[in-house]
DNA sequence: ATTTAGCACTCTTTGGTTTTGAGTGCTAAC
DNA sequence: GTTAGCACTCAAAACCAAAGAGTGCTAAAT
């Protein structure tokens, strides 16, 4: 869509003013913000044309204009200039991580909280995906004569644990054969390789040990499954109230929607293919509950591989110019932290 | 405070009716619920007296009565009969835990979610306190030539991990001396014994190894600190909206308050000394933000020792008779699950 | 001494009416 | 193409009246 320079200037100003004030923008109040040597009537004509193009709309006939989804989209794609993440903000972000959290789950949770505080939006973050990660180590720690805690650690530093209960005494020799099996069949394997087929052939090949070891081995497999799954975490829910106090009762619906991790997970993974930062505005979102919200998501990479996402959810009239860079900055930082921590030299 | 039998009956009925409907209870509507052979005027007189005693109040002169905090308190202490947790509810609770989550942190988080869903309130839960727990095992897993992931497991099944970075190569002999130190000075120790004093004497006694081992040992100590700390988790925030849509704007304030773990933690630990289930009503709570809320908290025990708490936060007009037993039931269940899992036979 | 019927009074809620004012679209002149 | 002017629209605010639920009080009844 081609717009005259003047139309662009007007559209941009309306979007920004509306983002700032939340009030529909009228031709006069727009002029007082913008130094243009034209009259309000001229602006009105332009606004009428922008409306006809579907970029602006009116809540009712005698009100000012607000941007439509397409209006925001045009703004984000063509008009907006990303603000720099300024020094003080950077410091706040970095301070938010405090001293070396190295558990990735905790780190990502914290990242969500930091982002939520910073942006005043709800924030989502996912733990690093286990795709491509392999099993680095497995331990069996006896906690009783017949029970042991199985601990699995992946190459991405994720640690999962679970108690396994056997019908037999877990004496030294049993543990030894357990470690043998683990060493032969699990350590170094990709998490995704540990599936039911693999387990079946493993069990078939085990012979006599199978009864004593089965519960332990099963636990290892369970943990591997768990570690592949990315977990979705949500923070800053209270911020939604802040925004949606206008929107009436949708706040509850939105919060309720965000509680369910599964749709969120889809949202994050579908987003941001290829692009640096993905912005979905209002009805561009695939879920009814997000029709009035915008979602800004970015991926973090560990060692150059995309491993997870961090994003924020806010009203469509969100401060794109400032927040998109913020999300990007935080995401990159998280990627760096994780890469550094788990770099294999 | 002594009340005539009739006053008790009236107060109880008002509390229950108000809890059910949320509307101030008038003398007539009360009579239609209650089969008493007196007139509304008599009831009015009684109500006036209950008001004078500070058990009832009126939102405005010409409205029905609602219970005051003291009114609720009297009801909970003297009038209420705990409902049984019925079969279907038990099943829902037990189903909520699915198949063997044995990571205590995850289990408690899940418990909070289950409780929130069940009660329609926000729920808080704490991870098992490390007080009295000892260090069961420590592992150092190399992730690079100079970095290792330190994993610590406690007797209560809590697992904490952290990456330690050294200036020296972590070769086999370094790891061996690390394990020696760990075996001698950490394994079997109470978490609370690992403090700065203990660390200082340890470092002093270490001699030449100190430079290579210090980062690793420090990490162990950090993890022990972390493991003593109970973590507070919050679930079901969206439910607060549900209730507080009446209350005006307090919902945001409340949510914002609940985000901060620290006051919550105090709340939980101060509560429920000795008692089975602790109920704090409105202004009985030590925080301004909770003045209009009630908190129902109960402890769970592992092996007979109090280890943490689970509770719900709702409006003062919460269904005490049903929810108090529910909280109790869930708490006991969690205690049992954790006890079973980590029982040392 | 309680209980009750009756009544005047209070105060929120509800709904309708009016006023206000920001903002528009159109027309005609520049 | 731009602008001044003007009639028109419509949400929001202000105002008012009526309705209704509920009370407290008094005086009679039990």
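Residue numbers (my numbering), protein chains in the order written: chain A, 1407 to 1751; chain B, 1407 to 1751. Here a beta-carbon is modelled for each residue, glycine too, at the ideal position from N, C-alpha and C. Just so we're clear, the structure is a prediction, and the values are computed from it rather than from any experiment.
Margin query: Tell me which residues share the same chain as residue 1600(B) and place their Cβ nearer than 6 Å to its Cβ, disregarding the 5 neighbours each side in the sequence.
Written below: As a first step, residue 1600(B) must be located in the second chain, where it is residue number 194. Within the same chain, residue 1600(B) has close Cβ partners 1627 and 1630.
Next item on the list: Using a cut-off of 7 Å between C-beta atoms, extract the partners of residue 1424(B) located in chain A.
Entry: The residue given as residue 1424(B) occupies position 18 in the second chain. The contacting residues do not exist; residue 1424(B) stays about 23 Å from chain A at best.
Note to self: Counting only C-beta atoms, is residue 1658(A) closer than 7 Å to chain B at any point?
What the structure shows: Position 252 of the first chain, counting from 1, holds the residue named residue 1658(A). Judged by the 7 Å Cβ criterion, residue 1658(A) is in contact with chain B.
Note to self: Would residue 1531(B) and residue 1639(B) qualify as a contact pair, given that the criterion is a beta-carbon distance under 7 Å?
What the structure shows: Here residue 1531(B) refers to the residue found at position 125 when the second chain is read from its first residue. Here residue 1639(B) refers to the residue found at position 233 when the second chain is read from its first residue. It is a contact, given that the beta carbons lie within the stated cut-off.
Next item on the list: Quick one: grab the DSSP three-state call for residue 1511(B).
Entry: Numbered from 1 along the second chain, position 105 holds the residue referred to as residue 1511(B). Helix.
Next item on the list: Anything in chain B within Cβ reach of residue 1508(A), meaning under 7 Å, just list it in chain order.
Entry: Locating residue 1508(A) in the first chain gives position 102, counting from the first residue. By Cβ distance, chain B contributes 1568 and 1569.
Item checked: Alpha carbon of residue 1682(B) to alpha carbon of residue 1512(A), nearest angstrom -> In the second chain, the residue the question calls residue 1682(B) occupies position 276. In the first chain, the residue the question calls residue 1512(A) occupies position 106. Residue 1682(B) and residue 1512(A): Cα-Cα distance of roughly 33 Å.
Next item on the list: Could you check the C-alpha separation between residue 1635(A) and residue 1606(A) for me, to the nearest Å?
Entry: Here residue 1635(A) refers to the residue found at position 229 when the first chain is read from its first residue. Here residue 1606(A) refers to the residue found at position 200 when the first chain is read from its first residue. Their backbone Cα atoms lie some 21 Å apart in a straight line.
Checklist line | Pick from 1746(B), 1745(B) and 1740(B) that is closest to residue 1515(B), judged by C-alpha positions | finding: To locate residue 1515(B), count along the second chain from 1; it is residue 109. If we check each option's Cα against that of residue 1515(B), 1740(B) comes out closest.
Checklist line | Contacting residues, own chain, Cβ-Cβ under 6 Å from residue 1751(A) (five flanking each side not counted) | finding: Working through the first chain from its first residue, we reach residue 1751(A) at position 345. Unreliable positioning characterises residue 1751(A) in this predicted model, as indicated by a pLDDT of 48, which lies under 50. A coordinate reading is not provided.
Item checked: Sequence-distant residues of the same chain with beta carbon closer than 7 Å to residue 1554(A), five excluded per side -> Here residue 1554(A) is taken as the residue at index 148 of the first chain, counted from 1. Excluding sequence neighbours, residue 1554(A) sits near 1546, 1547, 1548, 1570, 1576 and 1622.
Next item on the list: Give me the Cβ distance between residue 1510(B) and residue 1744(B), rounded to the nearest whole Å; I'm assuming they're in contact under 8 Å.
Entry: For this step, residue 1510(B) is matched to residue 104 along the second chain. For this step, residue 1744(B) is matched to residue 338 along the second chain. Going by Cβ atoms, the distance from residue 1510(B) to residue 1744(B) rounds to 6 Å, so yes, they are a contact pair.
Margin query: Does the structure place the stretch 1488-1497 of chain B close enough to the stretch 1419-1428 of chain B that three or more beta carbon pairs sit under 8 Å?
Written below: no
Checklist line | Reduced DSSP secondary structure (H/G/I, E/B, other) of residue 1735(A) | finding: Walking along the first chain from the start, residue 1735(A) turns up at place 329. In this structure, residue 1735(A) counts as helix in the three-state DSSP scheme.
Notebook entry, point to check: Mind checking if residue 1675(B) is an interface residue toward chain A, Cβ cutoff 7 Å exclusive?
Noted result: Position 269 of the second chain holds residue 1675(B). By this cut-off, residue 1675(B) is not an interface position.
Note to self: If the cut-off is 7 Å on Cβ atoms, which residues from the stretch 1498-1531 of chain B count as contacting chain A, listed in chain order?
What the structure shows: 1508 and 1509
Next item on the list: Determine the direct distance from the alpha carbon of residue 1518(B) to that of residue 1659(B), and round the result to whole angstroms.
Entry: Sequence index remark: in the second chain, residue 1659(B) carries index 253 (1-based). Sequence index remark: in the second chain, residue 1518(B) carries index 112 (1-based). C-alpha separation (whole angstroms): 21 Å.
Note to self: Less than 7 Å between the C-beta atoms of residue 1435(B) and residue 1446(B), yes or no?
What the structure shows: Mapped onto the second chain, residue 1435(B) falls at position 29. Mapped onto the second chain, residue 1446(B) falls at position 40. No, Cβ-Cβ distance for residue 1435(B) and residue 1446(B) is not below 7 Å.
Next item on the list: Per DSSP, which residues does residue 1566(B) bridge with? Please list them.
Entry: Here residue 1566(B) corresponds to residue number 160 of the second chain, with the count starting at 1. DSSP lists 1558(B) as partners of residue 1566(B).
Checklist line | Exposure label - residue 1684(B); buried when at least 16 CB within 10 Å | finding: The sequence position of residue 1684(B) within the second chain is 278, counting from 1. Buried, since its Cβ has 16 or more Cβ neighbours within 10 Å.
Notebook entry, point to check: In chain order, what residues of the stretch 1553-1565 of chain B put their CB closer than 7 Å to some CB of chain A?
Noted result: 1555, 1557, 1559, 1563 and 1565
Check: Since residue 1729(A) and residue 1448(A) are thought to touch, with beta carbons under 8 Å apart, how far apart are those beta carbons, to the nearest angstrom?
Finding: Position 323 of the first chain holds residue 1729(A). Position 42 of the first chain holds residue 1448(A). Their Cβ separation, rounded to whole angstroms, is 33 Å, which puts residue 1729(A) and residue 1448(A) out of contact at 8 Å.
Item checked: For residue 1476(A), the first and last residue of its enclosing alpha helix (DSSP H) -> Start at 1 with the first residue of the first chain, and residue 1476(A) comes out as number 70. Residues 1475-1480.
Next item on the list: Flag residue 1690(B) as yes if its beta-carbon sits less than 7 Å from any beta-carbon of chain A, otherwise no.
Entry: The sequence position of residue 1690(B) within the second chain is 284, counting from 1. Closer than 7 Å: no.
Margin query: Measuring only the C-alpha atoms, how far is residue 1441(B) from residue 1431(B)?
Written below: In the second chain, residue 1441(B) corresponds to position 35, counting from 1. In the second chain, residue 1431(B) corresponds to position 25, counting from 1. Those two C-alpha atoms are separated by around 15 Å.
Check: What residues from chain B crowd round residue 1643(A), counting only those whose CB sits closer than 7 Å?
Finding: In the first chain, counting from the first residue as 1, residue 1643(A) sits at position 237. Simply 1643 and 1661.
Next item on the list: Indicate the three-state DSSP secondary structure (helix, strand or coil) for residue 1425(A) in the structure shown.
Entry: By 1-based counting over the first chain, the position of residue 1425(A) is 19. If DSSP states are grouped into helix, strand and coil, residue 1425(A) belongs with the helices.
Item checked: Option in 1608(A), 1598(A), 1579(A) and 1583(A) with minimal Cα separation from residue 1591(A) -> For the purposes of this step, residue 1591(A) is taken as residue 185 along the first chain, with counting starting at 1. Among 1608(A), 1598(A), 1579(A) and 1583(A), the Cα nearest to that of residue 1591(A) belongs to 1608(A).
Next item on the list: Measuring only between beta-carbons, confirm whether residue 1694(A) sits less than 7 Å from chain B.
Entry: As a working note, residue 1694(A) is residue 288 in the first chain. No, residue 1694(A) does not count as interfacial toward chain B.
Next item on the list: Would you mind telling me which residues of chain A sit closer than 8 Å to residue 1668(B), beta carbon to beta carbon, in chain order?
Entry: Within the second chain, the letter at position 262 stands for residue 1668(B). Within chain A, no residue comes near residue 1668(B); the closest Cβ sits about 14 Å away, beyond 8 Å.
Margin query: I'd like to confirm the pairing. Which residues does DSSP put opposite residue 1686(B) in its beta bridges?
Written below: Locating residue 1686(B) in the second chain gives position 280, where the first residue counts as 1. BP columns for residue 1686(B) point to 1701(B).
Notebook entry, point to check: Do the stretch 1610-1625 of chain A and the stretch 1491-1501 of chain A meet, that is, are 3 or more Cβ pairs less than 8 Å apart?
Noted result: no
Notebook entry, point to check: Is residue 1605(A) close to chain B, meaning its C-beta is less than 7 Å from at least one C-beta of that chain?
Noted result: Here residue 1605(A) corresponds to residue number 199 of the first chain, with the count starting at 1. No, residue 1605(A) does not count as interfacial toward chain B.
Note to self: According to DSSP, simplified to helix, strand and coil, what is residue 1675(A)?
What the structure shows: Taking the first residue of the first chain as 1, we reach residue 1675(A) at position 269. Helix.
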